Amino acid sequence: MANKRADLESAVAQPAASFNGDFYPTLLEKAAVLLRGIAAAHAFVDGNKRTAWYSMTTFLDLNGIQIDCDVREAADYVEAMAQSVPPFESGDIAEWLADHIEL
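Everything in the sequence shown is counted per this note's numbering, starting at 1 for the first residue and increasing by one.
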């Protein structure tokens, strides 16, 4: 159950953010901010990183893009992203995704 609904709603809306053009013009940039935003929102008691990962992969899948990496590599990356100070930049996450996709 979401206990920080506004933070989660903001994270889910972030890929569509625009002002005189898209803030995140590519699908991979949109996926990156979705992953980072949901993980950082800590909207759930447990499973925030898993929810972020599955939300992002579903978003990509709906747009014809599949992630090509094993579960351990994905888990390690998401854990590193979540623990990073300063936070991973969306461009860095998008680059990692670009190296791990199938079109």
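Note that the Cβ used here is the ideal one computed from N, Cα and C, for glycine as well. From a predicted model like this one, the values you see are computed outputs, not experimental measurements.
Looking at C-alpha atoms only, which residue of Asp61, Arg50, His100 and Ala40 is the closest neighbour of Ser84?
Locating residue 84 in the sequence shown gives position 84, counting from the first residue. Ranking the options by Cα distance to Ser84, first place goes to Ala40.
If you run the structure through DSSP and keep just helix, strand and coil, what is Ile93?
Here residue 93 refers to the residue found at position 93 of the sequence shown. Secondary structure of Ile93 (DSSP, three-state): helix.
DSSP beta-bridge partners of Gln66
The residue you call residue 66 lines up with position 66 of the sequence shown. Its beta-bridge partners are Glu102.
Would you kindly work out how many angstroms separate the C-alpha atoms of Glu102 and Val33, rounded to a whole number?
On the sequence shown, position 102 is the one that residue 102 refers to. On the sequence shown, position 33 is the one that residue 33 refers to. Distance from the CA atom of Glu102 to the CA atom of Val33, rounded to whole angstroms, is 19 Å.
Same chain, Cβ closer than 8 Å to Ser18, neighbours up to 5 away in sequence not counted:
Here the question's residue 18 lines up with position 18 in the sequence shown. Same-chain partners within the cutoff: there are none.
With distances taken from CA atoms, which of Arg36, Thr58, Leu60 and Phe59 is nearest Lys49?
To locate residue 49, count along the sequence shown from 1; it is residue 49. Closest by C-alpha distance to Lys49, out of Arg36, Thr58, Leu60 and Phe59, is Arg36.
Counting only the same chain and skipping the five closest in sequence on each side, list residues whose C-beta sits under 6 Å from that of Leu60.
Start at 1 with the first residue of the sequence shown, and residue 60 comes out as number 60. Counting only Cβ-Cβ distances below 6 Å, and skipping sequence neighbours, we find Ala31.
Should Glu9 go down as buried or exposed, given a rule of 16 or more other Cβ atoms within 10 Å for buried?
Here the question's residue 9 lines up with position 9 in the sequence shown. Exposed is the label assigned to Glu9, since fewer than 16 other Cβ atoms lie within 10 Å of its Cβ.
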